[in-house]
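Below: one structure, written as structure tokens.
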Amino acid sequence: MTIRRAQRKEAEIIAGRLSILRTSAGVLIFCLLIVCFNYQIVGKVGGRSLLVLARRQHLERVSAGIPRGNILDRHGVPLNDPGWGAACVVFPQLAGDSEKVVKALEQVFGKGSVLLEDNQWSSGGPVRIAGDLSSQTAQALIALNRSGLEGVYVVPEERRYGPESLARHVVGYVPRNAYFDSADNVGQLGLERYLDGTLKGGDASWVGVVLAGDRSVFPGSSVRIGPGLLPPIDVRTTIDARIQRIVERTMDAAGVSKGAAVVLDINTGQVLAMASRPDFQQDRPDASIGLRDAPFVNRAVSAFIPGSVYKTVIVAAALESGAIQPHQRFQCNGSIKVGDREVKCTRAHGEITLEEALGYSCNCALIEIALKTGPEKLLEFSKRAGFGKLTGIELPEESSGYLPNGREMLAGDVANFAIGQGYLGVTPLQMAVFFRAIVTGELDRPTLLLPGGGEDPERKVGRPAAETSARSPTPRNGTTIMSQETSKVLRESLLLGTTTGTGQLAWVPRFGSAGKTGTAEVGEGRLPHAWFVGFCPLVSPKFVICVFVENGGEGPAVAAPLFGEIALKILAR
Ligand SMILES: [Zn+2]
């Protein structure tokens, strides 16, 4: 069985289990109803006919388990790792005396840990005391109920995020009580926020009790839980859980505390993996609020100084504008004077070709190229290549990045721009999209949602928030941004980079790779940002991978080997 088929099988099994759970809940309630019905016909209570009582009984029910669709990978595997837990719920109407209930509950949860507001008590609806109960706690509560404490119940509760959840910055989060409190059923980040309308459709499940006319519990009745008739809509993303897991585990094993990685499918422009570090606690977002390294920030769509990875854009701009020719040669003496400033190269490269200038990341040649092209043409191409604007990915947090103002640029600013320094911010996603364009010649809008993956034509829900649809993303259908000749020069340069240049640690044994390193200086006293962007395999490339390590050190030593490791694990299946 191939892995692809195995994944589909896995998805089918999970879907099957979910539907079995839903069906068995339905069957259980149906049986309960039959039992109650029979009891009503044949039984007698305190001499009164049950039929009389039955006329006056009613089901007191309150919505619970507010529906919300899951966020799936491209094969149907939930990225949020959902599961089931148990919650403790109190029905004030049945419990009567609130003090007595609090005292009893404190035996289980500890003194002072059960807070019941007066208004919660008087509202009459069930009050959720606690979720995520351990089996020991649940047993203790059930024992309390059996020993005669009315109104305290243990009910099953959906758990939205599990410990194995993936792509947390893509998925986002809803507050902890989203399944129980509709005010909390609002996505706060990522696709949870972007697709909030789609995800929260469907009928709520409910918790209820049958009350007699005098509001006492109807004999033989107990708490009931019913499923919603219309299940929520799951959303299918372009993420491949296998690749996503590889990316996250490799980053974590390498000890990346701040950074991001993006994997794009070269054929389709779809995002196969997107990871950001530090991660946040999806099931307890409160615990991650206010932490120093800003764990909620999705670094894959945030802007950072690119350093030398941007030299690829400079060379493309120079070739496309005709300022330089593919076979031109350059002279590097180890440093170049710009105005009253001297910019150093890593070494004196001597006379080099254009491909070598890029492959060996020569500052002198790049500054010469940029000065020759001029700021207007460099910026015009940068904009055409998608920098300084949103890619249009389905994430509300996306940053457009920023470019310098061409009219204000002096020679020193152009020199900075040539080596990806100064006033310049690009996102790891933008960089990956541009590198895909080096292979295909076209700039496409990257996507996170499979066509039709989040839409239900019959229910007409799921329009993204107006805020996000009103923005103007890069056109969806590819725009040709470079000729085949420019593309060929860049690809050859990037191959030099991984074979004899600065990116040798990104070479992928057996498959090959090509790409560019970047070491972005961010000021005194702080380590530079490490970048590597490239594609693999070398022949008929399938994947673009961008690795970014914030304040991680040198690109060749830190980001390049991470790229190599991720690429090899993805390809060697
Ligand atoms: Zn040089």
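Each residue of the sequence shown is one higher than the last, beginning at 43 in the numbering used here.
Idealized CB from N, CA, C, for every residue including glycine.
In this text the structure is predicted, and so the values were computed from the model without any measurement.
Contacting residues, own chain, Cβ-Cβ under 6 Å from Ile378 (five flanking each side not counted) = Val385, Cys406 and Ile409
Neighbour flag for Gly454 against chain C, beta carbons, 7 Å = You won't find chain C in this structure, because it holds only one protein chain.
query = What does DSSP give as the partner residues of Val113 in its beta bridges?
reply = In the sequence as displayed, the identity of residue 113 is Ile instead of Val. Partner(s): Val277.
task = Using only the heavy atoms of ligand 1, determine whether one of them is closer than 6 Å to the beta carbon of Cys578.
result = no
key: Neighbourhood of Glu563 by C-beta, 8 Å cutoff - its chain only, sequence neighbours within 5 removed   = Ile347, Gly349, Gln463 and Pro570
query = Taking the alpha carbon of Thr528 as the point to measure from, which residue in Glu484, Val550, Ala548 and Gln546 has its own alpha carbon closest?
reply = Glu484
request  = Note down the Cα distance separating Thr354 from Leu400, rounded to an integer number of angstroms.
outcome  = 7 Å
key: Proximity to Leu520 [Cα-Cα], best of Gly557, Glu534, Thr542 and Ile480   = Note on identity: in this sequence residue 520 is Gly, with Leu being the wrong assignment. Nearest option by C-alpha distance: Ile480.
ask   = Span of the beta strand (DSSP E) holding Gln373?
value = Arg371 to Cys374
ask   = If you measure from each residue's Cβ to the nearest non-hydrogen atom of ligand 1, which ones come out under 5 Å, in chain order?
value = Cys374, Cys387, His391, Cys404 and Cys406
inquiry  = Classify Trp573: buried if its beta carbon has 16 or more other beta carbons within 10 angstroms, exposed otherwise.
reply    = buried
query = Expressed to the nearest angstrom, what Euclidean distance is found between the alpha-carbon atoms of Thr482 and Ala317?
reply = 24 Å
task = Identify every run of the alpha helix (DSSP H) within the segment 392–462, keeping only runs that are complete inside it and at least 4 residues long; order them along the chain.
result = 396–401, 405–415, 417–426 and 453–460
task = In angstroms with no decimal places, state the Cα-to-Cα distance between Gly554 and Pro579.
result = 5 Å
task = Check each candidate in Asp282, Thr240, Ala129 and Gly190 and name the one with the smallest Cα separation from Ile612.
result = Asp282
message = What residue range does the beta strand (DSSP E) around Arg383 cover?
response = Arg383 to Lys386
ask   = Does the segment 434–452 touch the segment 364–379, meaning 3 or more C-beta pairs lie closer than 8 Å?
value = no
ask   = From Ala128 to Phe459, what distance separates their C-alpha atoms?
value = 57 Å
query = Can the beta-carbon of Gly576 be found closer than 7 Å to that of Ala548?
reply = yes
message = Taking 7 Å as the limit between beta carbons, can you name the residues of its chain near Val228, skipping five residues before and five after?
response = Val216 and Asp238
inquiry  = For Val169 and Val213, I'd like the C-alpha separation in whole angstroms.
reply    = 29 Å
message = So, under 8 Å CB-CB, Gly173 and Glu199 are touching, yes? Tell me the CB distance rounded to an integer number of Å.
response = 6 Å
Beta-carbon spacing of Ala304, Leu471 below 7 Å = Going by the sequence as given, residue 304 is Val instead of Ala. Yes; because the gap between Cβ atoms is below 7 Å, this pair is in contact.
ask   = Does the segment 269–284 come within contact of the segment 132–151, defined as at least 3 CB pairs closer than 8 Å?
value = no
request  = Could you check the C-alpha separation between Leu114 and Arg552 for me, to the nearest Å?
outcome  = 32 Å
query = So, helix, strand or coil for Met316, using DSSP?
reply = strand
task = To the nearest angstrom, report how far apart Val197 and Thr559 are at their CA atoms.
result = 54 Å
task = State the beta-bridge partners of Phe574 as determined by DSSP.
result = Thr559 and Val589
message = Just verifying my parser: in three-state terms, what is the DSSP assignment at Trp248?
response = strand
query = How about Val313 and Leu492: are their beta carbons less than 7 Å apart?
reply = no
Which residues DSSP lists as bridging Ile608, in chain order = Answer is none; Ile608 lacks a bridge partner.
query = Considering Ile184, what are the terminal residues of the alpha helix (DSSP H) in which it resides?
reply = Ser177 to Arg188
inquiry  = Using 7 Å as the threshold, is the C-beta distance between Glu206 and Ala137 below it?
reply    = no
key: Euclidean distance between Cα positions of Glu596 and Gly244   = 50 Å
query = Got a sec, what are the start and stop residues for the beta strand (DSSP E) Val289 sits in?
reply = Val289 -> not in any beta strand (DSSP E); alpha helix (DSSP H) instead, spanning Ala283 to Ala295.
ask   = With distances taken between CB atoms, is the gap from Gly430 to Leu445 smaller than 7 Å?
value = yes
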